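Numbering (our numbering), first residue to last: 11 to 428.
The structure appears below as structure tokens.
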């Protein structure tokens with residue numbers, strides 16, 4: 011009796027009540043006490059386990075974005091209207107009870123008229139039982155917002171895909187959370203465009219934070235004189251100030267070599283020596299660079315994964331890539347050319363900081379660094395226009411980096427206030 015009284019202060023109330031009840035039953039009937047203890051322990055285990063599984067946190071696309079690099083106008087749209095995309099992070103093995111709880115929470119959120127898309131992140135979910143799979147896929151049929159599932163291990167993705175094979179309204183399945191975020195961002199930007207809420211950035215030339223020109227508005231269609239149009243647009247300020255006769259554009263065309271590139275061809279790779287400025291006249295490129303993501307060490311159950319087939323959690327795979335889409339008018343290698351200096355002997359020190367792959371058949375113009383250096387030495391006007399443009403490009407990149415840093419600080423401040 012004494013140990014029963016003293017234990018009251020050392021263990022949780024629910025556990026003490028079970029202990030006390032078991033002690034009383036033991037005095038009456040040992041067999042009955044054993045069965046009672048086992049039954050209650052199983053119930054408590056199920057209740058406590060369900061409490062640490064399911065939805066662990068929530069957010070929206072206002073504060074959480076994909077690794078796709080977008081221009082300032084699109085980022086402003088995502089900041090302002092990102093609340094239309096609701097994100098739920100899930101954790102643990104989901105069986106009937108916990109999966110039903112998740113489904114109920116999703117249904118409640120779907121009643122909010124402001125929510126247009128709901129992302130469920132399964133990055134920390136090793137598996138679902140059969141009832142859980144159908145509880146999740148049935149949501150796509152029931153709720154109004156689009157349901158997007160990301161972070162799916164191979165077996166789970168296959169199960170979900172098979173379960174909704176014959177459904178009319180299907181959940182959107184994406185391998186990673188980053189893929190789910192990118193999909194929702196693209197859809198949200200399309201919606202805002204249709205509503206007339208997405209403003210044009212006002213910049214015909216799109217420049218990313220690494221100094222690459224990603225394209226020029228209005229050049230998505232093939233042009234017979236695409237090369238001239240591209241450089242007249244890129245260097246409009248410099249040509250207007252220093253080259254009224256536009257001899258610079260003609261000189262660049264004479265230095266260039268045109269090539270047709272097939273879809274899937276890698277034009278340049280990260281870390282590869284840069285020897286040419288590349289100008290995209292038609293088609294499109296996918297430009298990628300590993301995202302800088304710091305990861306800790308996770309110890310999670312793996313008996314639900316088929317390790318023999320190489321199954322791992324999605325977050326354990328290679329880091330996602332920062333994806334930028336380059337369209338006609340894109341220019342690569344300009345900053346690498348500056349890094350090489352005027353001396354052709356030093357041009358070998360310039361390396362690409364990303365990888366460019368043809369997303370479709372392309373036409374590109376290649377301008378050799380060595381030819382550019384030689385032309386600059388021979389033609390002072392050409393050198394003035396080219397260097398003035400490169401200086402303006404560097405200034406715009408620095409301005410972009412500054413605005414992005416201010417945006418990140420603003421997001422961090424809002425999180426702290428919340």
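Using N, Cα and C, we set each Cβ at its ideal position, and we do this for glycine too.
None of these values were measured; they are calculated from a predicted model.
Since residue i sits in a beta bridge, which residues does DSSP pair it with?
i, result
"residue 444", "Residue coverage of the chain in this structure runs from 11 to 428, which leaves residue 444 outside it and unanswerable."
"residue 64", "101"
"residue 368", "295"
"residue 361", "283"
"residue 69", "97"
"residue 36", "Note: residue 36 sits in no beta bridge, so no partner."
"residue 160", "131"
"residue 334", "297"
"residue 276", "367"
"residue 290", "374"
"residue 237", "Paired residue(s): none; residue 237 is not in a bridge."
"residue 138", "104"
"residue 182", "158"
With a threshold of 16 other CB atoms inside 10 Å of the CB of residue i, please say whether the residue is buried or exposed.
i, result
"residue 23", "exposed"
"residue 250", "exposed"
"residue 232", "In this predicted model, residue 232 has a pLDDT of only 43, less than 50, meaning its place in the structure is not dependable enough to derive any value."
"residue 67", "exposed"
"residue 149", "buried"
"residue 347", "buried"
"residue 45", "exposed"
"residue 176", "exposed"
"residue 41", "exposed"
"residue 152", "exposed"
"residue 174", "buried"
"residue 193", "buried"
"residue 405", "exposed"
"residue 401", "exposed"
"residue 396", "buried"
"residue 434", "Residue 434 lies beyond the range of the chain shown here (11 to 428); nothing can be said about it."
"residue 207", "exposed"
"residue 383", "buried"
"residue 34", "exposed"
"residue 334", "buried"
Considering only their Cβ atoms, is the gap separating residue j from residue i smaller than 7 Å?
i, j, result
"residue 118", "residue 96", "no"
"residue 181", "residue 157", "yes"
"residue 288", "residue 339", "no"
"residue 133", "residue 92", "no"
"residue 36", "residue 108", "no"
"residue 376", "residue 253", "no"
"residue 112", "residue 65", "yes"
"residue 88", "residue 195", "yes"
"residue 129", "residue 190", "yes"
"residue 183", "residue 159", "yes"
"residue 240", "residue 372", "no"
"residue 399", "residue 280", "no"
Whole angstroms are fine: how far does the CA of residue j sit from the CA of residue i?
i, j, result
"residue 213", "residue 243", "Below a pLDDT of 50, predicted positions are generally treated as unreliable, and residue 213, at 43, falls in that range; the measurement from the model is reported next regardless. Near 11 Å, if we compare the C-alpha coordinates of residue 243 and residue 213."
"residue 374", "residue 290", "5 Å"
"residue 98", "residue 154", "17 Å"
"residue 215", "residue 178", "In this prediction, residue 215 has a pLDDT of 47, which is less than 50 and means its spatial position is unreliable; nothing more can be read from the coordinates."
"residue 322", "residue 163", "7 Å"
"residue 170", "residue 362", "40 Å"
"residue 294", "residue 337", "5 Å"
"residue 202", "residue 77", "20 Å"
"residue 296", "residue 247", "28 Å"
"residue 199", "residue 379", "38 Å"
"residue 185", "residue 114", "24 Å"
"residue 85", "residue 52", "50 Å"
"residue 39", "residue 29", "15 Å"
"residue 187", "residue 143", "18 Å"
"residue 50", "residue 27", "11 Å"
"residue 391", "residue 258", "8 Å"
"residue 389", "residue 381", "12 Å"
"residue 140", "residue 168", "12 Å"
"residue 275", "residue 292", "15 Å"
"residue 298", "residue 94", "28 Å"
"residue 106", "residue 236", "59 Å"
"residue 116", "residue 131", "12 Å"
"residue 82", "residue 238", "27 Å"
"residue 283", "residue 349", "12 Å"
"residue 324", "residue 72", "24 Å"
"residue 360", "residue 69", "41 Å"
"residue 393", "residue 345", "15 Å"
"residue 48", "residue 110", "25 Å"
"residue 204", "residue 261", "42 Å"
Below 8 Å, how does it come out for the region 254-268 and the region 358-371: are there three or more Cβ pairs, yes or no?
Because the criterion of three Cβ pairs below 8 Å is not met, the region 254-268 and the region 358-371 do not touch.
Determine contact between the region 101-110 and the region 134-150, defined as no fewer than three beta-carbon pairs at a distance below 8 Å.
With a cut-off of 8 Å on Cβ pairs, the region 101-110 is in contact with the region 134-150, counting three or more such pairs.
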